[in-house]
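Protein chains in written order, with my numbering: chain P, 638 to 856; chain A, 638 to 856.
All C-beta atoms, glycine included, are put in the ideal place defined by N, C-alpha and C.
Number of protein chains: 2
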Amino acid sequence: MADQPSSTPLRIGIILFPGFQALDAFGPLDCLNDLSRTHNLTLSILSSTLSPVSTKVPLLPNTISQSILPTHTFATAPDLDVLLIPGGLGIRDSGPAIQDAISYIRAVYPKLQYLITVCNGSALAAIAGVLDGRRATTNKKIFDEVAALGPKVDWVPQARWVVDGNIWTSSGVSAGIDVILAWIEEVFGEKVADDLTNGLEYTRHRDANIDPFAKVHGL
Amino acid sequence: MADQPSSTPLRIGIILFPGFQALDAFGPLDCLNDLSRTHNLTLSILSSTLSPVSTKVPLLPNTISQSILPTHTFATAPDLDVLLIPGGLGIRDSGPAIQDAISYIRAVYPKLQYLITVCNGSALAAIAGVLDGRRATTNKKIFDEVAALGPKVDWVPQARWVVDGNIWTSSGVSAGIDVILAWIEEVFGEKVADDLTNGLEYTRHRDANIDPFAKVHGL
Numbered sequence: 638m639a640d641q642p643s644s645t646p647l648r649i650g651i652i653l654f655p656g657f658q659a660l661d662a663f664g665p666l667d668c669l670n671d672l673s674r675t676h677n678l679t680l681s682i683l684s685s686t687l688s689p690v691s692t693k694v695p696l697l698p699n700t701i702s703q704s705i706l707p708t709h710t711f712a713t714a715p716d717l718d719v720l721l722i723p724g725g726l727g728i729r730d731s732g733p734a735i736q737d738a739i740s741y742i743r744a745v746y747p748k749l750q751y752l753i754t755v756c757n758g759s760a761l762a763a764i765a766g767v768l769d770g771r772r773a774t775t776n777k778k779i780f781d782e783v784a785a786l787g788p789k790v791d792w793v794p795q796a797r798w799v800v801d802g803n804i805w806t807s808s809g810v811s812a813g814i815d816v817i818l819a820w821i822e823e824v825f826g827e828k829v830a831d832d833l834t835n836g837l838e839y840t841r842h843r844d845a846n847i848d849p850f851a852k853v854h855g856l
Numbered sequence: 638m639a640d641q642p643s644s645t646p647l648r649i650g651i652i653l654f655p656g657f658q659a660l661d662a663f664g665p666l667d668c669l670n671d672l673s674r675t676h677n678l679t680l681s682i683l684s685s686t687l688s689p690v691s692t693k694v695p696l697l698p699n700t701i702s703q704s705i706l707p708t709h710t711f712a713t714a715p716d717l718d719v720l721l722i723p724g725g726l727g728i729r730d731s732g733p734a735i736q737d738a739i740s741y742i743r744a745v746y747p748k749l750q751y752l753i754t755v756c757n758g759s760a761l762a763a764i765a766g767v768l769d770g771r772r773a774t775t776n777k778k779i780f781d782e783v784a785a786l787g788p789k790v791d792w793v794p795q796a797r798w799v800v801d802g803n804i805w806t807s808s809g810v811s812a813g814i815d816v817i818l819a820w821i822e823e824v825f826g827e828k829v830a831d832d833l834t835n836g837l838e839y840t841r842h843r844d845a846n847i848d849p850f851a852k853v854h855g856l
């Protein structure tokens, strides 16, 4: 297996906060980890402090969880080309970790090539104002809760993912794998995306408009 | 959202090692994280030391990665009911982290209710000897490499997952989500598994015998 060729890296960042949904983050990250075997990527894992970030939702203290190490705070984040925002019930918290994330998204968005959200990660982008006037989607089980946070956003209730300009928003949790593979196909080509998909033995949703979970959740 | 009821917890453990595949671990873990909102679970994250465990494959130093905090070493691991073993290219390493994992699997298996492997995590179980005489499956892209490590195992080339006694082995990476949901259905019932699946907006492989990736990878 060849390690990646040298070239100007694509600089990717991901925002983590207490109570992020593990698969929202690690679905896309696993695809990018594998992509980095053949393409030059950097990854910055951003949070409000450098302390480990737990998936434990503050309001659900008796759940099991995992803790991930950030590489940078929002204050020390390097320049990025792509920013990923996972969701999770931790977004319901109003603490400084969430507020810092929202401020960072608002400040950094104009300098990004792409913004990609998973699940209710789109709520943070909506509160930051960067989705105003855009088409976007989110988790289908809590669609109304998220939509209420972005009254100027054109929320799409039936979509596996939505692309509007340089913003890619996906539906809930596992839809993050589909949106990142669709984005990789757009940026790196179909063969690269298909090779990754086959390596992950993942059965992709390939049509952004087909969304079985909108109906499941009554939308 | 109700937090879990009090009851005797089901004690789950997962083995991590340098170069584990992120989605092998976090697909099943995310399902279990969500399950723990309604059912009493504990989780022990086991590794050879308490240092953060990176997904970076030692032989591929230029790739991007994430680091996870273990909760216990193999030497301090509490009693478990269920052990999860993810895969990853780090299994190709012969260092102490992998050797310690194999020794631990060999020692702990007789005390487990269930052993669940994802991808080439089955290679560790095979080397530990606990798959001898059993039907099992693994990643399809490197099927022959893994099968050679367990000459006394009845390797199944075409299966999304295989159940033999209390051992559940799955195919590559994302098949870990299918095997854990099938296991949750077996242990906690169909409604619990379906509710989790819908919450994750995941399109399950529901038939263990249908495996499109065996053909993709020439098996």
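Reduced DSSP category for residue i - H, G, I as helix; E, B as strand; rest coil
i: R648 of chain A; result: strand
i: E838 of chain A; result: coil
i: A734 of chain P; result: helix
i: V853 of chain P; result: helix
i: A659 of chain A; result: helix
i: S702 of chain A; result: coil
i: V790 of chain P; result: coil
i: T710 of chain A; result: strand
i: R772 of chain A; result: strand
i: V690 of chain A; result: strand
i: L672 of chain A; result: helix
i: P665 of chain A; result: helix
i: F825 of chain A; result: helix
i: L697 of chain P; result: coil
i: L653 of chain A; result: coil
i: P715 of chain A; result: coil
i: G725 of chain A; result: coil
i: A785 of chain A; result: coil
Any non-hydrogen atom of the ligand ATP closer than 7 Å to residue i Cβ
i: D791 of chain A; result: In terms of ligand content, the structure shown is empty, and the ligand ATP therefore cannot be addressed.
Nearest candidate by alpha-carbon position, reference residue i, set the options
i: T679 of chain P; options: A:V745, A:L768, A:A744 and A:I701; result: A:I701
i: L666 of chain P; options: P:W805, P:D737 and P:L721; result: P:L721
i: K693 of chain P; options: P:L672, P:A714, P:T710 and P:R729; result: P:R729
i: V816 of chain A; options: A:D832, A:A845, A:V829 and A:D801; result: A:A845
i: D671 of chain P; options: A:D671, A:A659 and A:C668; result: A:A659
i: Q750 of chain P; options: P:P689, P:F825, P:S684 and P:G802; result: P:G802
i: Y746 of chain P; options: P:R841, P:I652 and P:P849; result: P:I652
i: N699 of chain A; options: P:H709, P:S673 and P:A662; result: P:S673
i: I742 of chain A; options: A:T645, A:G826 and A:S684; result: A:S684
i: H854 of chain P; options: P:P794, P:T840, P:V755 and P:D832; result: P:P794
i: T708 of chain A; options: A:A785, A:I682, A:P715 and A:D716; result: A:I682
i: E661 of chain A; options: A:N835, A:T834, A:L818 and A:S811; result: Before going on, a small fix: residue 661 of chain A reads as Asp here, not Glu. Here the closest residue by C-alpha is A:S811.
i: A762 of chain P; options: P:L786, P:R797, P:E782 and P:S704; result: P:L786
i: L833 of chain P; options: A:G809, A:L697 and A:R771; result: A:G809
i: H676 of chain P; options: P:Q703, P:A851, P:V824 and P:S731; result: P:V824
i: G836 of chain P; options: A:N835, A:K828, A:F850 and A:H842; result: A:F850
Span of the beta strand (DSSP E) around residue i
i: I722 of chain P; result: V719 to I722
Contact belief for residue i with residue j at Cβ below 8 Å, rounded distance in angstroms
i: G664 of chain A; j: I814 of chain A; result: 4 Å
i: G766 of chain A; j: F657 of chain A; result: Incorrect: roughly 21 Å between the Cβ atoms, too far for contact.
i: L706 of chain A; j: P689 of chain A; result: 6 Å
i: T806 of chain P; j: A773 of chain P; result: 4 Å
i: D718 of chain P; j: R648 of chain P; result: 5 Å
i: K777 of chain A; j: L856 of chain A; result: 6 Å
i: I779 of chain P; j: N757 of chain P; result: 6 Å
i: E838 of chain P; j: A830 of chain P; result: Actually they do not touch by this definition, with Cβ atoms about 14 Å apart.
i: P623 of chain P; j: S691 of chain P; result: It is not possible to answer for residue 623 of chain P, since the shown part of chain P is limited to 638 through 856.
i: I804 of chain P; j: L768 of chain P; result: 7 Å
i: T686 of chain P; j: T713 of chain P; result: 11 Å between Cβ atoms; not a contact.
i: I847 of chain A; j: R797 of chain A; result: 6 Å
i: T840 of chain P; j: T840 of chain A; result: 7 Å
i: S748 of chain A; j: D791 of chain A; result: The displayed chain sequence assigns Lys, not Ser, to residue 748 of chain A. That pair is no contact at about 24 Å.
Element boundaries [alpha helix (DSSP H), containing residue i]
i: S684 of chain A; result: That residue, S684 of chain A, is in no alpha helix (DSSP H); its beta strand (DSSP E) goes L678 to S684.
i: S759 of chain A; result: G758 to A765
i: I847 of chain A; result: From DSSP, I847 of chain A is part of no alpha helix (DSSP H); its letter is neither H nor E.
i: I779 of chain P; result: Element bounds for I779 of chain P: n/a, residue is neither H nor E.
Sheet register partners of residue i (DSSP bridge)
i: L752 of chain A; result: A:L720 and A:I804
i: W798 of chain P; result: P:S807
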